[in-house]
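Protein chains in written order, with the numbering used here: chain X, 28 to 290; chain S, 28 to 290.
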């Protein structure tokens, strides 16, 4: 038995699939990462109690190096707990490849993820979403404009855009909706665009899948002033709306009624 | 207390979020639909045992009419169990809107979904997926070519395409990977395209999120002959691959090694 089980914790407390509890209990060691999304300390204690097992946190370097996990999996069974869906972050693909190369069998227990949850929270249709973008924190020598350019391309093609916001786990920093909008506005100025300047509709989703999930929609300049509270936050920029989608944004997210008439 | 809880069953047995068990137990009536994806009878019995509650199945007409659910939710608490993520299917948006209009508070318990799971199962990057398409069964007077056209547009823009396959729950029919590929080939002939005829790479994902999930990748003509077994099936047509993505398809899905050199 050489096995590595990737287990999704899903979005927020209580989201771990119930079938995963037995799978976790059967493992020799249980590792956890929380650099791809926040997991509060008390949620880790709760999981430890539920499964009756100690949970060892690994940082990004340790997960990417992978030795600690592979050593356990080679001789028995290891679990890696991952926020959201366990294979949504590309960072875990290398570990899975390495396990396969060492003849360790891999099992994936899927869970809820922003990719599937956010369109539905807003009442928007999955089929109308184009490519997802990620808005990065400003780093020395790293100032891409490609996220903004993808947003414009999606919008012109009539496709909604999900914008994921950066996380700097080491510093405990989660990009807020405001910082995300500002970063996109900076990119827009750099490339000389006007989508946002013209008052594009913007949706904020705060704490998707948590009990206190909050959503808000309106012109991007207004959303820039909106305080969405605790992280994580995500943004959605809808393209042309179906009538039902517009109704949902007005009913659930406080969008202005003018969007019901089209723009 | 007037509440309607949309509960995601996730993909396959054991995928219900563990926190949903208490939420379900607290409801006056528990409804279930399985017309947006299959849920086996024994999974319903298992859920009924786990929660200690009877589960009443509603067909599409009853869910879309909504009266049975709204009547319970108005006076207390109703749950609607939905395969996958409960808000991924657009069919439930109307019920949510009606609940809001009748001052019934709505709670959403998210779960795993093909939208988030399938890219990761194949080792493909979420960020590289364009618009999702759905391949419909042939129906009298309904023969759209738009799914094929969206596939071509995604591919030309360097974006992968997830193709969901149709379900006819009344007839218990689930489109197989073979039928899906055939339908897309028919559309291609109709519009005079050649993406598939030229041997595009195609991935089959059968039973995503189930214990016996199977994946396979190769030229579309070869995939046409592949028997993927029990439904549900989905297809993915990758555009230009990152080297790691190509490696993953070779390692996990039996894709030909030539894709490692680019095409």
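C-beta: ideal position from N, C-alpha, C; glycine also. This structure is a prediction, so every number in the text was calculated from the model and none was measured.
Anything in chain X within Cβ reach of residue i, meaning under 8 Å, just list it in chain order.
{"i": "residue 164 (chain S)", "result": "Residues of chain X passing the Cβ test: none, with the nearest at roughly 17 Å."}
{"i": "residue 48 (chain S)", "result": "45"}
{"i": "residue 127 (chain S)", "result": "278, 279"}
At the level of alpha carbons, what is the spacing between residue i and residue j?
{"i": "residue 115 (chain X)", "j": "residue 251 (chain X)", "result": "28 Å"}
{"i": "residue 68 (chain X)", "j": "residue 147 (chain S)", "result": "27 Å"}
{"i": "residue 82 (chain S)", "j": "residue 59 (chain S)", "result": "7 Å"}
{"i": "residue 36 (chain S)", "j": "residue 220 (chain X)", "result": "43 Å"}
{"i": "residue 216 (chain S)", "j": "residue 179 (chain S)", "result": "13 Å"}
{"i": "residue 218 (chain X)", "j": "residue 167 (chain X)", "result": "19 Å"}
{"i": "residue 32 (chain X)", "j": "residue 74 (chain S)", "result": "24 Å"}
{"i": "residue 245 (chain S)", "j": "residue 284 (chain S)", "result": "10 Å"}
{"i": "residue 255 (chain S)", "j": "residue 230 (chain S)", "result": "11 Å"}
{"i": "residue 278 (chain X)", "j": "residue 163 (chain S)", "result": "31 Å"}
{"i": "residue 240 (chain S)", "j": "residue 286 (chain X)", "result": "42 Å"}
{"i": "residue 211 (chain S)", "j": "residue 258 (chain X)", "result": "42 Å"}
{"i": "residue 170 (chain S)", "j": "residue 177 (chain X)", "result": "31 Å"}
{"i": "residue 154 (chain S)", "j": "residue 101 (chain X)", "result": "32 Å"}
{"i": "residue 45 (chain S)", "j": "residue 77 (chain X)", "result": "10 Å"}
{"i": "residue 156 (chain S)", "j": "residue 188 (chain X)", "result": "12 Å"}
{"i": "residue 264 (chain S)", "j": "residue 99 (chain S)", "result": "44 Å"}
{"i": "residue 225 (chain X)", "j": "residue 288 (chain X)", "result": "18 Å"}
{"i": "residue 63 (chain X)", "j": "residue 34 (chain X)", "result": "14 Å"}
Who are the neighbours of residue i on chain S, taking C-beta pairs under 8 Å?
{"i": "residue 44 (chain X)", "result": "37, 41, 42, 43, 44, 45, 138, 139"}
{"i": "residue 112 (chain X)", "result": "139, 143, 144, 147"}
Check the Cβ-Cβ distances between residue i and every residue of chain S, and say whether any is below 8 Å.
{"i": "residue 147 (chain X)", "result": "yes"}
{"i": "residue 202 (chain X)", "result": "no"}
{"i": "residue 279 (chain X)", "result": "yes"}
{"i": "residue 156 (chain X)", "result": "yes"}
Give the residues of chain S in contact with residue i, contact being defined as C-beta atoms less than 7 Å apart.
{"i": "residue 153 (chain X)", "result": "115, 142, 159"}
{"i": "residue 275 (chain X)", "result": "120, 124"}
At a threshold of 7 Å, does residue i count as lining the ligand ADP (C-beta to nearest heavy atom)?
{"i": "residue 96 (chain S)", "result": "Annotation note on the ligand ADP: not contained in the displayed structure, which lists no ligands."}
For a contact meaning CB atoms closer than 9 Å, what does residue i contact in chain X?
{"i": "residue 135 (chain S)", "result": "144, 147, 148, 236, 240"}
Return the first residue and the last residue of the beta strand (DSSP E) that residue i is part of.
{"i": "residue 161 (chain S)", "result": "160-162"}
{"i": "residue 35 (chain X)", "result": "30-35"}
{"i": "residue 246 (chain X)", "result": "241-246"}
{"i": "residue 119 (chain S)", "result": "No beta strand (DSSP E) contains residue 119 (chain S), which DSSP labels as neither H nor E."}
{"i": "residue 275 (chain S)", "result": "Residue 275 (chain S) -> not in any beta strand (DSSP E); alpha helix (DSSP H) instead, spanning 270-280."}
{"i": "residue 263 (chain S)", "result": "260-264"}
{"i": "residue 58 (chain X)", "result": "56-59"}
{"i": "residue 108 (chain X)", "result": "104-109"}
Which bits of chain S does residue i rub up against, with CB to CB less than 9 Å?
{"i": "residue 271 (chain X)", "result": "117, 120, 121, 124"}
Does any C-beta atom of chain X lie closer than 8 Å to the C-beta of residue i?
{"i": "residue 169 (chain S)", "result": "no"}
{"i": "residue 186 (chain S)", "result": "yes"}
{"i": "residue 255 (chain S)", "result": "no"}
Along the alpha helix (DSSP H) that carries residue i, what are the first and last residues, could you check?
{"i": "residue 71 (chain X)", "result": "68-78"}
- Task: Check whether the region 200-211 of chain X touches the region 179-189 of chain X, taking contact to mean three or more Cβ pairs, one atom from each stretch, closer than 8 Å.
- Result: no
Legend entry - Meets three-Cβ-pair contact criterion under 8 Å: the region 116-136 of chain S and the region 135-152 of chain X: yes
message: Check whether the region 116-131 of chain X and the region 36-54 of chain X touch, using three or more Cβ-Cβ pairs below 8 Å as the test.
response: no
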